Every structure is written in structure tokens, then in C-alpha cells.
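Undergrad:
Numbering (the numbering used here), first residue to last: 44 to 320.
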């Protein structure tokens, strides 16, 4: 245990001691990736109280509130405490989306991207590269850090490597993920690259992306506090909710948006169905 602590402190010391020139080439620090994931031979302890009635108070983890609005199909609009607006799977026309500061895109279908985004958008983050190489985004915009994890997509009966991306938004001590147009189960390396997700946006069409069985398996492993359905076409949403099991509460909200902070995350994992889904 002492060697593990020494290793972590050594990593921190190296980061702090890096010269300014080297820091410019470093990725921003991710609060959603655990250093312990990279340590070999670590045995993780289960600290869940045996008494299920014992309430554990959530530690104070930031004071800012994030607003999340469903804007249509697979587009959610995230507004940070600092006023930065982000639109996911932005196609330029769907939903009540003004000119965002940041947009993310995936290319499985034209409803998930646009090749002619508004010039006033500061950061246009495509989940693929036109030359076939993996997209690699590490963008800090105001008080939010945006990064991506590439996934493959179906393309004329074959799988196209790194054709789309899962995007992660780190803001106000929250880790928010958008699974995009996910076409295959995630491997351990994907989960390691994603890290912790407090809130995750999940396609629930049941076949255009993944079956409900495959998608619920991914959602259950992520263990997010809030699950936001999207891309609702095909199989009924009730099927997805039922397959998620009793561990997840379901809350149908008569509004297309909500505000959340790290301190107000629900104790019980919740499927939050906003108006318009």
C-alpha cells in the first residue's frame, strides 16, 4: 500500500515539475479517470455499508449547477455554470438549439452531423476524421473539458474502425457522457478510457444502434447516477426500462430540461425521461 501511495505521489510530482513548454503538449487533467486503474495488481475494496438503511452523505464536490435540455433525437444541450453551451450530435437544425459554443457530431446518419456548421460556433468536434485516423479531442472551453473515446460503426455491412466517438464532458465536478451512435459492445479498454460517468446519455432504439440487451449491459456496468435516454426509435422505451432492472428508479419529467450538481445527484440510480423523448 505504501508503494502504491508513493507511486501516485511520484506521478503527481512529475506533473507539477514539468516545464511550461512540456505542459503545453500535455492533455488537460481528467477528474473522471482514476489513477488506480493504471496500477497493476490492485485489489479494490467494496466499501458499501452492509446496512442498506444507512445513509451515506455525499461529500461536497462543487457548487455549480449544470442545465441539461433535450433538444431532439440524440441532441442534448448542456449549459455549464460558466455559461458555456454544448450541443451533442449536432446536425444544425434539430431541436431548440441556438448557436452553441461547442458542438459534437457523429456520422452514422445525417441527423447526427452537419458539414456546414454555423461559423459562430467556437469548437466543432467531429467524432471521426475524414482520413480514417481516430479523432482525438481534448478541448477546454471555459469551465468545461471535452474529450472523446472512439468507437467503430457499421458501414455497408462491415465495421469501420474509429468511425464515431463517445464524448465526455467534465464540468462542475460532474462527468457527463454521450454514447453517440454506438454499434458494438464496449471492451474493457473503452470503459477504462471513459472512466466515471455520473450522467450518461444512452441510445434506446433497440436495434439501429444496439439491442436493448446489449445497451442495458453497458449502462449497468457504467453505474451512472442518472441515465438519459435518447435516439428513441424502434423498440418501446418500456422494454429498455424493464431490462435495466429494479436497481434503477424511473422518473418521467414534465419538462424538457433539468438542473443538476454533484451534490444533488440521486442516491438511487435513476432513468430520467425528459419531455419530448
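From the three backbone atoms N, C-alpha and C, an ideal C-beta is built for every residue, glycine too. Keep in mind it's a predicted model, so treat the numbers as computed, not measured.
#1: Enumerated in chain order, which unbroken segments of the alpha helix (DSSP H) with a length of 4 residues or greater are wholly contained in the segment 200-283?
#2: Taking just the CA atoms, how far does residue 174 sit from residue 210?
#3: Under the three-state reduction of DSSP, which class applies to residue 152: helix, strand or coil?
#4: Here's the rule I'm using: 16 or more other beta-carbon atoms within 10 Å means buried, otherwise exposed. How should residue 102 be labelled?
#5: Just confirm the distance between the C-beta atoms of residue 148 and residue 170, as a whole number of angstroms; I'd bet it's less than 8 Å.
#6: With DSSP run on the structure shown, which of helix, strand or coil describes residue 114?
#7: Would residue 220 be called buried (16 or more neighbouring beta carbons within 10 Å of its own) or exposed?
#8: Assuming contact is defined by CB atoms lying nearer than 8 Å, are residue 138 and residue 304 in contact in what I supplied?
#9: Please state the DSSP three-state secondary structure of residue 79.
#10: Is it true that the CB of residue 185 sits closer than 8 Å to the CB of residue 195?
#11: Give every residue of the same chain whose Cβ lies closer than 6 Å to the Cβ of residue 127, excluding the five residues on either side of it in the sequence, and list them in chain order.
#12: Can a CB atom of chain B be found closer than 8 Å to the CB of residue 258?
#13: Under DSSP, the beta strand (DSSP E) around residue 300 begins and ends at which residues?
#14: Rounded to whole angstroms, what's the CA-CA distance from residue 289 to residue 158? Just pull it up for me.
#15: Taking the C-alpha atoms as reference points, what is the distance between residue 271 and residue 197?
#16: How should residue 118 be labelled, buried or exposed, when 16 other C-beta atoms within 10 angstroms of its C-beta is the threshold for buried?
#17: Taking just the CA atoms, how far does residue 113 sit from residue 298?
#18: Give the single residue among 217, 267, 167 and 182 whose Cα lies nearest to the Cα of residue 234.
#19: Who are the Cβ neighbours of residue 262 in its own chain at under 8 Å, not counting the five residues just before and after it?
TA: Inspection of the coordinates gives the following:
#1: 231-237 and 255-265
#2: 20 Å
#3: coil
#4: Any reading at residue 102 must be qualified, since the residue scores a pLDDT of 27, below 50, and its modelled position is unreliable; no value is offered.
#5: 6 Å
#6: strand
#7: buried
#8: no
#9: Because residue 79 carries a pLDDT of 44, less than 50, the predicted location of this residue cannot be relied on, and no value is offered for it.
#10: no
#11: 144, 184, 185 and 187
#12: The structure shown contains no chain B; it is built from a single protein chain.
#13: 300-303
#14: 42 Å
#15: 24 Å
#16: buried
#17: 9 Å
#18: 267
#19: 243, 245, 270 and 287
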